[in-house]
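So the sequence shown is numbered by my numbering: it starts at 67 and just counts up by one. The C-beta atom is built at its ideal place from N, Cα and C for all residues, glycine as well. As structure tokens, the structure follows; a few thoughts come after it.
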Amino acid sequence: IRYGKGMFNLRTLLRIRGSCFFKSFPASIVVGALGFVFKLSCKWDKDAENFFTNVLTDNSAYSSLSVLMGFLIIFRTQQSYGRYWDGAKYIKDMQAEIFITGSNL
67 IRYGKGMFNL
77 RTLLRIRGSC
87 FFKSFPASIV
97 VGALGFVFKL
107 SCKWDKDAEN
117 FFTNVLTDNS
127 AYSSLSVLMG
137 FLIIFRTQQS
147 YGRYWDGAKY
157 IKDMQAEIFI
167 TGSNL
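Put into structure tokens, the structure is as follows:
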């Protein structure tokens with residue numbers, strides 16, 4: 067990766083190769099549009115405003131999301147930790163094989 071000089075290099079921020087911006091942009095547009103629609107519905111309809119107020123004050127949705135996200139983060143962390151130690155073991159095995167090969171010469 068080559069970075070240009072300067073404090074605000076827009077070419078680095080907006081490049082296509084190696085950037086996750088173009089993959090995440092459509093999802094952010096959808097979420098932003100949904101938020102806009104929800105805000106407009108609250109402004110025009112009092113029943114919708116009461117519904118969203120009840121959803122926001124009830125913390126069961128937040129606690130369910132927290133449990134789910136915690137489980138996913140812990141699961142992925144355990145997977146990566148296991149892969150790290152498998153890789154470290156394979157490197158040590160390779161070093162041992164190279165040492166044995168060198169000592170047999």
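{"Query": "Sequence-distant residues of its chain with Cβ nearer than 7 Å to A93 (five each side left out)", "Result": "none"}
{"Query": "Coil, strand or helix - L122 by DSSP", "Result": "helix"}
{"Query": "Chain-order list of residues whose beta-carbon lies under 7 Å from that of F63 (same chain, five-residue window excluded)", "Result": "This structure gives no information on residue 63, because the portion of the chain shown stretches from 67 to 171."}
{"Query": "Cut-off 7 Å between Cβ atoms - residues of its own chain near L171, not counting five sequence neighbours on either side", "Result": "none"}
{"Query": "Boundaries of the alpha helix (DSSP H) in which S90 is found, first to last residue", "Result": "87-110"}
{"Query": "Beta carbon of I82 nearer than 8 Å to that of F88", "Result": "yes"}
{"Query": "Sub-8 Å separation of V121 and A127 beta-carbons", "Result": "yes"}
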